[in-house]
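Remarks on the structure that follows.
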């Protein structure tokens, strides 16, 4: 292990410092990773602004739950062959013993919420120590810059696995942010008859076409498409996006809600869902199977997150990075922080 290093510490909402941070030696079952890049998302903005729900954050905290890096050291009981390997890792520190964990549904762990970057030190630091069981090893030629997006890709993979898209289905994706554009890549692989992307920002919508979208439309241009789609994946988390997704689904269709709307978002009509026999699934986080799927898709070239990255900043520019996320800049896509 090399000594020294730095970390971002968010003392409380709106107040952070860059502090010296020695690597934490890995204990039994743990690994020490040297961080290559870490993504900044809407949840990180919530942390900074103090709007994250109580119980889902513990200040002071080093944020950073989307990351890539290289294993630098391992603790007792961990395969020493991991040292030097490129890797990404799951965020949920699940208990492994509750009924849901034993069923493989680790994002539904009943042992209490505990996640890297929210209640545990995260990856906005030169190094990160975490349970080695959470690692997903990448190939030797993997692009670690692009791999930093494999956490949101795993969430989308969970949605894709839940959706069980079939060839020749009509599919719609609501939202063309990071999750939406990753969803387009996953769903295009199922050979849909149509793949619509709904997005108000023209530039973001057009970016979906090279990824496999067959049509893009703004939310106010959907009247003729109501009830057309076998499967709709909602990724925007906007106040009306869930309702938009349901309106696009045909009778007996499937809707997967992946985005997280703020409090007060318009609800879904239970009677309408029942009468139209629409199946609604939700996704929060990603279980190991979804992570494995995302990593495989990345390794084979099916998934290419690199074009989504528009900004790369240093730890010292943490506040600027957070401001870019959800700040309304049409040129801002995925933002990375780098040591």
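Numbering (this note's numbering), first residue to last: 24 to 362. Think of the CB as a built atom: it goes at the ideal place given N, C-alpha and C, for glycine as much as any other residue.
- [ ] Can you give me the Cβ contacts of residue 346 inside the same chain, cut-off strictly under 7 Å, excluding the 5 residues immediately before and after it?
- [x] In the chain shown, counting from the first residue as 1, residue 346 sits at position 323. Counting only Cβ-Cβ distances below 7 Å, and skipping sequence neighbours, we find nothing.
Task: Start-end ranges of the alpha helix (DSSP H) lying completely within the stretch 169-252, minimum 4 residues - done: With a minimum length of 4 residues, the continuous alpha helix (DSSP H) runs that stay inside the stretch 169-252 are 173-186, 201-211 and 225-230.
TODO: For residue 153, count neighbouring Cβ atoms within 10 angstroms of its own Cβ and tell me buried if that reaches 16, exposed if not.
DONE: For the purposes of this step, residue 153 is identified with residue 130 of the chain shown, where counting begins at 1. Buried.
- [ ] Can you tell me which of 256, 315, 321 and 226 puts its alpha carbon nearest to the alpha carbon of residue 303?
- [x] Translated into positions along the chain shown, residue 303 becomes position 280. Residue 303 has its Cα closest to that of 256, out of 256, 315, 321 and 226.
TODO: Would you mind listing the alpha helix (DSSP H) stretches within the stretch 45-123 that are 4+ residues and don't spill past its ends, in chain order?
DONE: Fully enclosed alpha helix (DSSP H) runs of 4 or longer: 65-72.
Task: Within-8 Å CB hit, residue 286 to chain B - done: Here there is only one protein chain, and chain B is not present.
Open item on the list: Under 8 Å, with one C-beta from each stretch per pair, do the stretch 268-276 and the stretch 285-302 reach the 3-pair mark?
Closed with: Enough Cβ pairs lie closer than 8 Å, so yes.
Task: Under 8 Å between C-beta atoms of residue 104 and residue 52 - done: If you number the chain shown from 1, residue 104 lands on position 81. If you number the chain shown from 1, residue 52 lands on position 29. No, the Cβ-Cβ distance between residue 104 and residue 52 is not below 8 Å.
Open item on the list: Out of 35, 214 and 107, which one is the CA nearest neighbour of residue 84?
Closed with: Within the chain shown, residue 84 is the residue found at index 61, counting from 1. Out of 35, 214 and 107, 35 has the C-alpha closest to the C-alpha of residue 84.
- [ ] Just grab the DSSP bridge partners of residue 337 for me.
- [x] The count along the chain shown starts at 1 and reaches residue 337 at position 314. Within the DSSP bridge table, the entry for residue 337 names 361 as partners.
Open item on the list: Just to confirm the assignment, what range does the alpha helix (DSSP H) spanning residue 38 have?
Closed with: The sequence position of residue 38 within the chain shown is 15, counting from 1. No alpha helix (DSSP H) holds residue 38; the beta strand (DSSP E) holding it covers 38-43.
Open item on the list: Comparing C-alpha positions only, which one of 242, 110 and 221 sits nearest to residue 321?
Closed with: Along the chain shown, read from residue 1 onward, the residue named residue 321 stands at position 298. Ranking the options by Cα distance to residue 321, first place goes to 110.
Task: The alpha helix (DSSP H) enclosing residue 295, as first and last residue numbers - done: For the purposes of this step, residue 295 is identified with residue 272 of the chain shown, where counting begins at 1. Looking at the DSSP string, the run of the alpha helix (DSSP H) that includes residue 295 is 293-299.
TODO: Note down the Cα distance separating residue 356 from residue 323, rounded to an integer number of angstroms.
DONE: Translated into positions along the chain shown, residue 356 becomes position 333. Translated into positions along the chain shown, residue 323 becomes position 300. Taking the straight line from one Cα to the other gives about 24 Å.
Task: Span separating the alpha-carbon of residue 211 from that of residue 129 - done: Within the chain shown, the letter at position 188 stands for residue 211. Within the chain shown, the letter at position 106 stands for residue 129. The straight-line gap from Cα to Cα measures roughly 27 Å.
Open item on the list: Tell me the rounded alpha-carbon separation between residue 30 and residue 225.
Closed with: Taking the first residue of the chain shown as 1, we reach residue 30 at position 7. Taking the first residue of the chain shown as 1, we reach residue 225 at position 202. So the alpha carbons of these two residues sit roughly 37 Å apart.
- [ ] Would you list the residues sitting across from residue 303 in a DSSP beta bridge?
- [x] The count along the chain shown starts at 1 and reaches residue 303 at position 280. Looking at the DSSP assignment, residue 303 forms a beta bridge with 278.
Task: Own chain residues within Cβ distance below 6 Å of residue 312, not counting five before or after - done: For the purposes of this step, residue 312 is identified with residue 289 of the chain shown, where counting begins at 1. Once the five neighbours on either side are set aside, residue 312 has no close Cβ partner at all.
Task: Proximity of residue 240 and residue 254 at Cβ, strictly below 8 Å - done: Position 217 of the chain shown, counted from the first residue, corresponds to residue 240. Position 231 of the chain shown, counted from the first residue, corresponds to residue 254. Here residue 240 is not near residue 254, since their CB atoms are 8 Å or more apart.
TODO: Please name the residue or residues paired with residue 30 in a DSSP beta bridge.
DONE: For the purposes of this step, residue 30 is taken as residue 7 along the chain shown, with counting starting at 1. 42 and 148, per the DSSP bridge assignment.
TODO: Answer yes or no: the CB of residue 57 versus the heavy atoms of the ligand PLP, is any distance below 7 Å?
DONE: What this structure holds is no ligand at all, so the ligand PLP is not there to describe.
Open item on the list: Quick check on DSSP: helix, strand or coil for residue 268?
Closed with: In the chain shown, counting from the first residue as 1, residue 268 sits at position 245. Assignment of residue 268 by DSSP, reduced to helix, strand and coil, places it in the helix class.
- [ ] Helix, strand or coil for residue 256, going by three-state DSSP, please let me know.
- [x] Counting from one through the chain shown, the residue named residue 256 turns up at place 233. Residue 256 falls in the strand class under three-state DSSP.
Task: Whole-angstrom distance between residue 350 and residue 142, CA atom to CA atom - done: Start at 1 with the first residue of the chain shown, and residue 142 comes out as number 119. Start at 1 with the first residue of the chain shown, and residue 350 comes out as number 327. In this structure, the alpha-carbon of residue 142 lies about 25 Å from that of residue 350.
- [ ] Using a threshold of 8 Å, state whether the C-beta atoms of residue 244 and residue 222 are closer than that.
- [x] Residue mapping note: residue 244 aligns to position 221 of the chain shown, counting from 1. Residue mapping note: residue 222 aligns to position 199 of the chain shown, counting from 1. Cβ distance not < 8 Å, so residue 244 and residue 222 don't count as in contact.
Task: DSSP three-state assignment for residue 348, whether helix, strand or coil - done: Here the question's residue 348 lines up with position 325 in the chain shown. Coil at residue 348, not helix or strand.
TODO: Could you check the C-alpha separation between residue 310 and residue 187 for me, to the nearest Å?
DONE: As a first step, residue 310 is located in the chain shown; it is residue number 287 there, counting from the start. As a first step, residue 187 is located in the chain shown; it is residue number 164 there, counting from the start. C-alpha separation (whole angstroms): 16 Å.
Open item on the list: Rounding to the nearest angstrom, what Cα-Cα distance links residue 273 and residue 108 in this structure?
Closed with: As a first step, residue 273 must be located in the chain shown, where it is residue number 250. As a first step, residue 108 must be located in the chain shown, where it is residue number 85. Using only the alpha carbons, I get a separation of about 46 Å.
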